[in-house]
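A.B. asks: Here the sequence shown stands for residues 1075 to 1405, where the numbers follow our numbering. The structure follows.
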Amino acid sequence: MNKKIATLLLISTAFLLNACQKNVDVFVPDPGQLNGADTTWAASLPATAAVFSLQTSLSATSLFSEPVKDSFELNTSTVTLLLTNGLQLTFPPLSVVSSAGQIVTGKIYVEARLIKTKGDMVVLNKPTSSNGSMLVSGGEVFVSLSKNGQQLQLAPNAKFYIRYSDAPTSQLMKLFYGVESNPAQFNWVPGTNSSDTVAVGNQYYEIACSHLRWINCDYFYDTTGINRSLISATLPSNYTNANTTVFLVFKDYRSVLGMYGDVPEKRFLSGKVPNGKVAIVVAISKQGNDYFLGKETITTGVNVTTANIQKVPLNPVKSSLAAIRSYLATL
């Protein structure tokens, strides 16, 4: 009997050892390395890069600033439109021309959008920076005019007027226009026309502008006497500038900065930002048909390197577009 028991114990032990060895041999891949992801960073992004389809997918249904489409008759009188998104647009007569420079009258179609949330600035990839410098926004506006399917322009020396409510307002606000030539890095530049003005009311802005499309009411954040740092986001190797977009979202200001690919170092880098501010580093990625979200709350200027860089590691997790939008709505 004792021999039988000993034999059974030996067989059981051998079976368990063999089972354990099989478990040791099982390779569990890092979820971030699945699906044969491309780890290549690109100095120049092709139009087919996943990051562009990511932006399209995000902006397909914006959070609070759906574009409003309307029409109006422009002839010999000034026309004022009050749109459902809170924008009031005023067009003087003879202020609109075709691409050939001919005065346009009659029925004109307008598409307009008002952005006042940081989440929408991320969704629509319209960060608040001018040539790398931090802006504080009083609202971003998009206005486009068309007739018979053709885009229209403002006549030379003409201007139109935008009015919308906001609170609180700031007397520091100036006018900026969007530069759309680089789809990977949107930029705002100050208006240079002396007739481009921002009138500040108690709870509204009224803007006189000589350009259509993207318009921003902003001021430069004053960094006089304030130490500044660069923020560097590092992610797993399959998150590259070809499939990932990263933003620095400030808590106490309507400010969202793009963090762009530093290709040699394989990281996402901000411009110089003021130290001591609470902000969230947000990374959104599209890999195959899947979406990923990473986020980390920081205080700027903490634990910087000798090169004045603050390193922020991110580990995104798989998320649905709906979940990503819901999160962005909280920013």
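C-beta atoms are modelled at their ideal positions from N, C-alpha and C, and glycine is treated no differently.
Any beta carbon of chain C sitting closer than 7 Å to that of V1323?
C.D. replies: Among the chains in the structure shown there is no chain C, since it carries only a single protein chain.
A.B. asks: Just curious, the alpha helix (DSSP H) that A1357 is in, first and last residue?
C.D. replies: Where A1357 is concerned, there is no enclosing alpha helix (DSSP H), although the beta strand (DSSP E) it sits in stretches over V1352 to Q1361.
A.B. asks: Using a Cβ-Cβ cutoff of less than 8 Å, which residues in the same chain neighbour N1276 once the five nearest sequence positions on both sides are dropped?
C.D. replies: Closer than 8 Å at Cβ, skipping near neighbours: T1243.
A.B. asks: With the cut-off set at 7 Å, would you say A1117 and V1337 are in Cβ contact?
C.D. replies: Yes, Cβ-Cβ distance for A1117 and V1337 is below 7 Å.
A.B. asks: Whose C-beta lies closer than 6 Å to the C-beta of L1108 among residues of the same chain, with five residues either side of it excluded?
C.D. replies: Low local confidence applies: a pLDDT of 47 at L1108 is under 50, so the model's placement there is unreliable, and no value is given.
A.B. asks: Could you spell out where the beta strand (DSSP E) holding T1271 opens and where it closes?
C.D. replies: It spans T1271 to V1274 - the beta strand (DSSP E) in which T1271 sits, taken as one unbroken run.
A.B. asks: Does the separation of the CB atoms of V1215 and I1289 fall below 7 Å?
C.D. replies: Yes, the pair counts as a contact, with Cβ atoms nearer than the cut-off.
A.B. asks: Would the beta-carbon of G1265 fall within 7 Å of that of D1240?
C.D. replies: Not in contact: G1265 and D1240 (Cβ atoms no closer than 7 Å).
A.B. asks: Please classify G1368: does DSSP put it in a helix, a strand, or coil?
C.D. replies: In this structure, G1368 counts as strand in the three-state DSSP scheme.
A.B. asks: Quick one: is S1133 buried, meaning 16 or more other Cβ sit within 10 Å of its Cβ, or exposed?
C.D. replies: Result: exposed.
A.B. asks: How is the beta strand (DSSP E) around Q1259 delimited, first residue to last?
C.D. replies: Here Q1259 belongs to no beta strand (DSSP E), and DSSP marks it neither H nor E.
A.B. asks: When burial is assigned at 16 or more other CB atoms within 10 Å of the CB, is L1236 buried or exposed?
C.D. replies: One detail in the question is off: residue 1236 reads as Ile in this sequence, not Leu. So I1236 ends up on the buried side.
A.B. asks: Is the beta carbon of F1234 sitting closer than 7 Å to the one on F1165?
C.D. replies: Taking 7 Å as the Cβ cut-off, F1234 and F1165 qualify as a contacting pair.
A.B. asks: Checking 7 Å against the spacing of the C-beta atoms, do P1390 and T1308 come in under that value?
C.D. replies: No, the pair does not count as a contact, with Cβ atoms beyond the cut-off.
A.B. asks: Report yes if the CB atom of K1325 is closer than 7 Å to the CB atom of V1352, and no otherwise.
C.D. replies: For K1325 and V1352, yes; Cβs fall inside 7 Å.
A.B. asks: In chain order, what residues of the same chain lie with their CB nearer than 6 Å to the CB of Y1295, ignoring the 5 residues before and after it?
C.D. replies: Around Y1295: M1208 and V1210.
A.B. asks: Is the beta carbon of R1302 closer than 7 Å to that of K1346?
C.D. replies: Their beta carbons are under 7 Å apart, which means K1346 touches R1302 by this criterion.
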